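Have a look at the structure below, then the notes.
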Ligand SMILES: NC(=O)c1ccc[n+]([C@@H]2O[C@H](COP(=O)([O-])OP(=O)(O)OC[C@H]3O[C@@H](n4cnc5c(N)ncnc54)[C@H](O)[C@@H]3O)[C@@H](O)[C@H]2O)c1
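Residue numbers (our numbering): 431 to 765.
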């Protein structure tokens, strides 16, 4: 089988995950081109795979590369750097996997979704948890209990390292940047939301102190209450103020006869009156995400991934609606 020729746009933290989970291990792909404004990062990625086409950014890459030279692109850049990146990939007909959040500009996302559909291009968004064995088990349990119930979801921790994470204008806020994984998980489990009300707080984390950027201005924590069909109400909390403890992260779902405790990317506890089962994670969900995308590219089948661009955009739009609610104090009715 001929190796799939891959180009990388952005060689930072998350691309490192795709490298170790996928490109280092998969025998049917070859990284042939890399781009990053940070010289050390682009050179290190190129050296790892013997790639000789090394570019300073996506513009330089696209000036030389085309569908004739690349079979697919992986894009992992900061949320505000999506300026003409995916648009050019679509124009050139190059399938791509892009990391969430794919943009902070909803109009840009909608235009892209339309042009992707017009070209029938294979795309994927990095919602890795859709490929997690534990989330598949949660989905099977939820699907077998159509009367629904209450959901508590949480992603509570400290402040991630990248500079752009600490400003709401450059990351979109923790719900849109990070907890969008659980938000997307809720959509995957329950379908489209009916309404969202959200509130947020600042004042716990001090800008410029204890290693926090002087420009820090994102919310310390937020809470979104999301209504779904079938008697499901989810409360999704996000927090980045924690210093020295490990709060529960994941989903706690109370069905009529079972409790599901999904501990984020680690294990799933299913409790009934008769038994308690504790199931550990067995897969690398990033490998499975990337495998699904690569196989979809080979097959030319945009439907063969669990989170194509247009679907992922709906999760992003739900995150933006929650942000609007935080800003206005109003519930947002979605349908
Ligand atoms: N799916 C996941 O689980 C997951 C995990 C972590 C991060 N992410 C997402 O991945 C994205 C990147 O996050 P990160 O942690 O890797 O950030 P990062 O800051 O570590 O890396 C981003 C890289 O992109 C480069 N870059 C910026 N503009 C570019 C351009 N025009 N052309 C080429 N390179 C460019 C930067 O120089 C930087 O090296 C974010 O959207 C983040 O939310 C997803």
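Quick reminder that beta carbons are idealized off the backbone N, C-alpha and C, glycines included. Just so you know, these numbers come straight off a predicted model, no measurement behind them.
(1) Roughly how many whole angstroms lie between the Cα atoms of residue 421 and residue 455?
(2) When you compare each of 692, 703 and 760 to residue 566 by their alpha carbons, which one comes out closest?
(3) May I ask you to check if the CB of residue 441 is nearer than 7 Å to at least one heavy atom of ligand 1?
(4) Only counting runs of 4 or more residues, tell me where the alpha helix (DSSP H) segments fall wholly within the stretch 448-513, in order along the chain.
(5) What residue from 672, 661 and 441 has the CA that sits closest to residue 577's CA?
(6) Whose C-beta lies closer than 8 Å to the C-beta of residue 635 among residues of the same chain, with five residues either side of it excluded?
(7) With the cut-off set at 8 Å, would you say residue 709 and residue 698 are in Cβ contact?
(8) In whole angstroms, what is the alpha-carbon distance linking residue 758 and residue 436?
(9) Helix or strand or just coil, what does DSSP make of residue 667?
(10) On the CB-based measure, 16 or more other CB atoms within 10 Å of its CB, does residue 533 come out buried or exposed?
(11) Per DSSP, what kind of secondary structure is residue 439 in: helix, strand or coil?
(12) Where does the unbroken alpha helix (DSSP H) through residue 539 begin, and where does it stop?
(13) Does residue 580 pass the burial test, meaning 16 or more other C-beta atoms within 10 Å, or should it be called exposed?
(14) Check whether the Cβ of residue 604 sits closer than 7 Å to any heavy atom of ligand 1, and report yes or no.
(15) Could you have a look at residue 624 and say whether DSSP puts it in helix, strand or coil?
(16) At a cut-off of 7 Å, is residue 754 close to ligand 1 when judged by its beta-carbon and the heavy atoms of the ligand?
(17) Please work out which residues of its chain come closer than 7 Å, Cβ to Cβ, to residue 701, disregarding the five sequence neighbours upstream and downstream, and give them in chain order.
(18) Tell me whether residue 724 sits in a helix, a strand or coil according to DSSP, three-state version.
(19) Residue 608 and residue 585: beta carbons closer than 8 Å?
(20) Taking just the CA atoms, how far does residue 461 sit from residue 506?
(21) Which same chain residues, not among the five before or five after residue 616, have their C-beta less than 6 Å away from its C-beta?
(22) Assuming the contact rule is C-beta atoms closer than 8 Å, residue 500 and residue 524 should be a hit. Round their C-beta distance to whole Å, please.
(23) Please report how far the alpha carbon of residue 653 lies from the alpha carbon of residue 599, in whole angstroms.
(24) Can you find the residues in the same chain that come closer than 8 Å, C-beta to C-beta, to residue 730, ignoring five residues on each side of it along the sequence?
(25) Can you check which of these residues, 497, 471, 478 and 569, is closest to residue 486 by C-alpha distance?
(26) Under 7 Å: does the beta carbon of residue 567 sit that close to some heavy atom of ligand 1?
Per the coordinate set shown:
(1) There is no way to answer for residue 421, as the model of the chain reaches only from 431 to 765.
(2) 692
(3) Within the cutoff, so yes.
(4) 469-479 and 488-494
(5) 661
(6) 589, 642, 646, 650, 670 and 671
(7) yes
(8) Spanning the alpha carbons of residue 758 and residue 436 requires a straight line of approximately 43 Å.
(9) strand
(10) buried
(11) strand
(12) 536-549
(13) exposed
(14) no
(15) coil
(16) no
(17) 688 and 689
(18) Three-state DSSP puts residue 724 in a helix.
(19) yes
(20) 15 Å
(21) Closer than 6 Å at the Cβ level, and outside the excluded window around residue 616, lie 664.
(22) Sure, about 6 Å apart at Cβ, within 8 Å.
(23) About 19 Å.
(24) 552
(25) 471
(26) no
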